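The next block holds one structure in the form of structure tokens; read it before the comments.
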Amino acid sequence: MKWQRIPLGPIQTNAYLYYDDKGECLIIDPGSEGNKLSNIIKEKKLKPLAILLTHAHFDHIGAADKVRERFGIPVYVHKEEKDWLTSPELNGSSKMGMEPITANPAEHLIDSEKELEIGPFKLAVLHTPGHSPGSVSYYDALSDLVFSGDALFAGSIGRTDLTGGNHELLLKSIHNKLLSLPEETLVLSGHGPETSIEAEMDSNPFLNGF
């Protein structure tokens, strides 16, 4: 499997294209600039199968409808945030001094930690709340990588001062669900560069004492 990180929008939220040699593709967190993202997909001759949301904050959902409609694909989000797509108050856009951002409801609600099978892709869903109640990470054991959303970053962790945020719960999620992954696991975060589980265990200042 191959991946491409595409920072989008005013706060450079990472969207990811995750694809195989045949060009079948998952889109993770299409946060903004739907035309730009769609054009990149077209240029690479990819065939999107689904949109996976790590969570439903405004900067991760802003292009979901445009991309979904262009390619005729479903959206997946955790059930805890099923109402956030349609609510600027819940997804945070109403609090940021910007035009309200919404998306249509998701076609699929994630209701448990399980393996998602979409085309050739097999991803374990890890519920990693704390940044938001329905935050999930998507782990591919065969490729040794995890899409961590805004739970874990290179040298940092997600903020917890937004709706439903909980600092202690976030640290618990990181410790129990992410730091328990193999140390060589590549961490593809919602903002910033990639890192690894080993690097964050060794040097992330927010995880001291874990």
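With the working numbering, the residue at position 46 of the sequence shown is 533, and numbering never jumps.
Glycine is no exception: its CB is placed at the ideal position from the N, C-alpha and C atoms.
Since this is a predicted model, take the numbers as computed values, not measurements.
Pull up the CB-CB distance for residue i and residue j, whole angstroms please, since I reckon it's below 8 Å.
i    : j    : result
L495 : L533 : No, L495 and L533 are not in contact; Cβ-Cβ is about 16 Å, not under 8 Å.
P616 : L658 : With 8 Å as the limit, P616 and L658 do not qualify as a contact, their Cβ atoms being about 11 Å apart.
D516 : H565 : In fact, because the Cβ distance is near 13 Å, the residues do not count as touching under 8 Å.
H618 : T647 : 6 Å
P592 : T573 : 6 Å
For the beta strand (DSSP E) containing residue i, name the first residue and the last one.
i    : result
F545 : Careful: F545 lies outside any beta strand (DSSP E), inside the alpha helix (DSSP H) at F545 to I548.
T500 : T500 to Y506
I588 : Run containing I588: none; DSSP gives neither H nor E here.
E594 : E594 -> no beta strand (DSSP E), and no H or E assigned at all.
D631 : First-last for D631: undefined, no H or E at that position.
L675 : L673 to S676
What would DSSP say about residue i, mapped onto helix, strand or coil?
i    : result
D689 : helix
P575 : helix
N522 : helix
E511 : strand
K532 : coil
E568 : helix
K489 : strand
E683 : Note that residue 683 is Ser in the sequence shown here, rather than Glu. Correct three-state label for S683: strand.
L694 : helix
Just the Cα atoms here: how many angstroms apart are residue i and residue j?
i    : j    : result
L539 : K529 : 19 Å
E681 : L632 : 10 Å
L613 : K664 : 7 Å
S519 : G606 : 25 Å
K601 : E568 : 17 Å
P620 : D508 : 35 Å
D627 : I661 : 17 Å
E604 : M583 : 36 Å
L666 : L610 : 17 Å
L513 : Y506 : 6 Å
G521 : V562 : 15 Å
A550 : S581 : 17 Å
P497 : E670 : 32 Å
E687 : T541 : 20 Å
For residue i, I'd like the list of residues in its chain whose CB is within less than 6 Å of its CB, leaving aside the five on either flank, ordered along the chain.
i    : result
N578 : A543, H544, F545 and W571
G679 : F640 and A641
S676 : S635 and F640
K489 : Y506
Taking the alpha helix (DSSP H) that residue i belongs to, which residues open and close that run?
i    : result
R555 : A551 to F558
L658 : H654 to S660
Could you pull out every residue in the same chain whose Cβ sits closer than 8 Å to the Cβ of residue i, ignoring the five residues on either side in sequence?
i    : result
T500 : P494, D516, G518, S519, D546, H547, G677 and H678
Ordered along the chain, which non-local residues of its own chain (more than five positions away) have a Cβ less than 7 Å from that of residue i?
i    : result
S630 : M488
L524 : I493, L495, A502, P517, A550 and V554
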